[in-house]
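Down below is the structure, laid out as structure tokens.
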Amino acid sequence: MFIKKSKYRKLLSSNQNLQNRLKQLEEILCPCEQHEYVVVDIETTYPYMGGPSVEILDKRKLVCRRCKKVVYDYNGCGTMYRYKVVNDD
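Per my numbering, the very first residue in the sequence shown carries number 2; after that it's consecutive.
Right, dumping it as structure tokens:
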């Protein structure tokens with residue numbers, strides 16, 4: 002698929018404007034990136050590392066309560082985000 006340079010540049014600039022606006026809105030809802038993450042899903046994976054050992058990783062899907070930002074965190078890599086575990090019971 003071919004696209005003209007002018008149209009491509011226009012798409013890039015509109016995409017950048019949308020990304021900037023998203024950051025502004027996120028900053029309004031969660032100032033200084035003080036997100037309140039909640040675990041909504043945990044997916045356990047078993048990647049084969051070679052040899053007799055198998056590493057078990059828990060991939061957690063975290064969602065901010067205020068701005069609904071979605072991030073993923075791996076249990077095996079150490080946690081980068083503070084979060085709360087909420088039971089659906």
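Even glycine gets a Cβ: it sits at the ideal position worked out from N, Cα and C.
Give me, in chain order, the residues of the same chain whose beta-carbon lies closer than 6 Å to that of residue i; leave out the 5 immediate sequence neighbours on both sides.
| i | result |
| --- | --- |
| GLN35 | none |
| VAL41 | LYS62 and VAL64 |
So, for residue i: in the same chain, excluding its five sequence neighbours on each side, which residues have a beta-carbon less than 8 Å away from its beta-carbon?
| i | result |
| --- | --- |
| TYR75 | LEU58, ASP59, LYS60 and ARG61 |
Report the CB separation of residue i from residue j in whole angstroms; it is logged as a contact under 8 Å.
| i | j | result |
| --- | --- | --- |
| VAL72 | VAL39 | The pair is not a contact, with the Cβ atoms about 11 Å apart (cut-off 8 Å). |
Return yes when the Cβ of residue j is within less than 8 Å of the Cβ of residue i, no when it is not.
| i | j | result |
| --- | --- | --- |
| LEU30 | ARG67 | yes |
Who are the near neighbours of residue i in its chain, counting only those whose CB is closer than 7 Å to its CB and skipping five residues on each side?
| i | result |
| --- | --- |
| TYR9 | none |
| GLU37 | CYS65, ARG66 and ARG67 |
| THR45 | ILE57 and ASP59 |
| ARG22 | none |
If we count the other Cβ atoms within 10 Å of its Cβ and call it buried at 16 or more, is residue i buried or exposed?
| i | result |
| --- | --- |
| PHE3 | exposed |
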